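Numbering (this note's numbering), first residue to last: 1 to 277.
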Amino acid sequence: MTQSDWGEWLPRAVESADPETVAIWYLGCNGFILKGSSGTTISIDPYLGTGDPPRTVRMVPIPFDPTDVTEMDAVFATHEHTDHTHGPSQGPILENTGADFYAPDDSLSVVFDDEAWLDEYGVEEAQFHEVGEGDTVEVGEFTVTVEFSHDPDSTHPVSYVFEHESGTFFHGGDTKPHDDFAELGERYDIDLGVLAFGAIGNIDDTQTGEPVRTRWYSTENEAVKSASDLQFDRFLPSHWDMWKGMTADPKTLHHHARSYEYPRNLEVVEIGDRVEL
């Protein structure tokens with residue numbers, strides 16, 4: 001079980017919100033909640049675990065207990081890593097709300113095989129939906145299109161484009177730059193885009209326990225290059241806050257982005273912050 005450092009104020013804030021467009025809350029790591037003007041509520045990669053100390057040590061609070069979530073229409077996972085597909089974080093949300101879970105095949109292997117969510121939580125197989133590149137699903141007032149993600153550390157990552165009458169939100173998961181992002185940027189008019197950004201740091205090796213120089217996320221130049229190719233109006237960096245030894249300063253992205261036409265603005269937020277689409 002996860003236990004929140006903040007009580008239940010964030011789930012209650014989401015439930016009581018009445019946004020004019022789309023309200024977006026950052027959950028730390030790569031997690032977000034979206035709530036549209038008609039009340040549709042979606043979460044992407046909500047992770048409420050503590051990591052696996054001493055190898056991965058969580059550096060930000062756990063913003064809520066998943067059992068405190070009472071309203072959710074859908075949860076989307078970008079890939080199979082534990083901080084993106086995680087039964088203790090997401091199973092209780094699906095159990096309490098009846099939300100649908102959308103994810104690529106390897107994430108569903110975690111759900112059904114590695115973690116046995118059907119046995120551990122009060123969920124039904126009908127709540128789970130496999131998605132792949134090119135698929136489109138309708139969730140309330142959102143149209144969600146599944147696109148590719150370039151994350152060599154993952155076995156099958158995807159990104160998501162959330163289109164709403166108020167604008168378009170892009171979540172790239174843990175993607176790194178890719179030549180095809182330029183074409184994707186031409187195809188969508190992305191108002192706000194999320195890309196994982198982080199440092200290169202020492203992380204304990206799983207076999208030896210010895211610290212090994214590790215890079216899991218995009219560097220400053222890589223993150224800005226992707227945001228430029230994707231033609232973000234606003235770029236919101238994520239994941240920089242999460243793991244001990246891998247944290248970074250997102251303000252440095254201002255210096256790297258200033259010579260590019262895109263992104264037009266850098267949206268730096270901290271865990272628990274709300275922005276509008």
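No residue lacks a Cβ here, since even glycine has one placed at the ideal position from N, Cα and C.
This one's a predicted model, so the numbers in the text were calculated from it and none came from an experiment.
Residues bridged to residue i [DSSP beta-bridge criterion]
i	result
Ala-23	Lys-35, Glu-276
Gly-193	Phe-170, Phe-235
Ala-103	Glu-130
Gly-51	Val-57
Glu-147	Ser-159
Pro-211	Asp-204
His-86	BP columns for His-86 are empty, so no partner.
His-164	Gly-167
Leu-266	Phe-235
Reduced DSSP secondary structure (H/G/I, E/B, other) of residue i
i	result
Phe-170	strand
Leu-253	helix
Ile-271	coil
Val-123	coil
Glu-80	coil
Ser-218	strand
Arg-258	coil
Pro-11	helix
Thr-97	helix
Ser-226	helix
Ser-43	strand
Glu-183	helix
Gly-140	coil
Trp-243	strand
Gly-305	Any question about residue 305 goes unanswered here, given that the chain covers just 1 to 277.
Trp-6	coil
Ser-16	helix
Ser-293	There is no way to answer for residue 293, as the model of the chain reaches only from 1 to 277.
Asp-113	helix
Classification of residue i by the beta-carbon crowding that lies within 10 angstroms, buried from 16 upward
i	result
Gln-127	buried
Thr-175	buried
Asn-30	buried
Lys-35	buried
Thr-97	buried
Ser-43	buried
Thr-252	exposed
Gln-3	exposed
Glu-147	buried
Ser-16	exposed
Arg-58	buried
Thr-136	exposed
Gly-185	buried
Glu-300	This structure cannot settle anything about residue 300, because the visible part of the chain is limited to 1 through 277.
Thr-85	buried
Practice task
Please go through the region 53 to 77 and give each complete alpha helix (DSSP H) segment of 4 or more residues, from N-terminal end onward.
Solution key: If you keep only unbroken alpha helix (DSSP H) runs of at least 4 residues inside the region 53 to 77, you get nothing at all.
Practice task
Would you be able to state if there are at least three C-beta pairs under 8 Å between the region 165 to 174 and the region 212 to 232?
Solution key: yes
Exercise for the section: State whether the region 156 to 171 contacts the region 208 to 220, with contact taken as three or more CB pairs (one from each stretch) at a distance under 8 Å. Expected result: no
Handout entry: Contact the region 56 to 66 vs the region 140 to 150: 3+ CB pairs below 8 Å
Key = no
Problem - Any 3 or more C-beta pairs closer than 8 Å across the region 150 to 157 and the region 69 to 81 - result: Using a C-beta cut-off of 8 Å, the region 150 to 157 makes contact with the region 69 to 81, since at least three inter-stretch Cβ pairs fall below that distance.
Exercise for the section: Would you be able to state if there are at least three C-beta pairs under 8 Å between the region 185 to 200 and the region 111 to 123? Expected result: no
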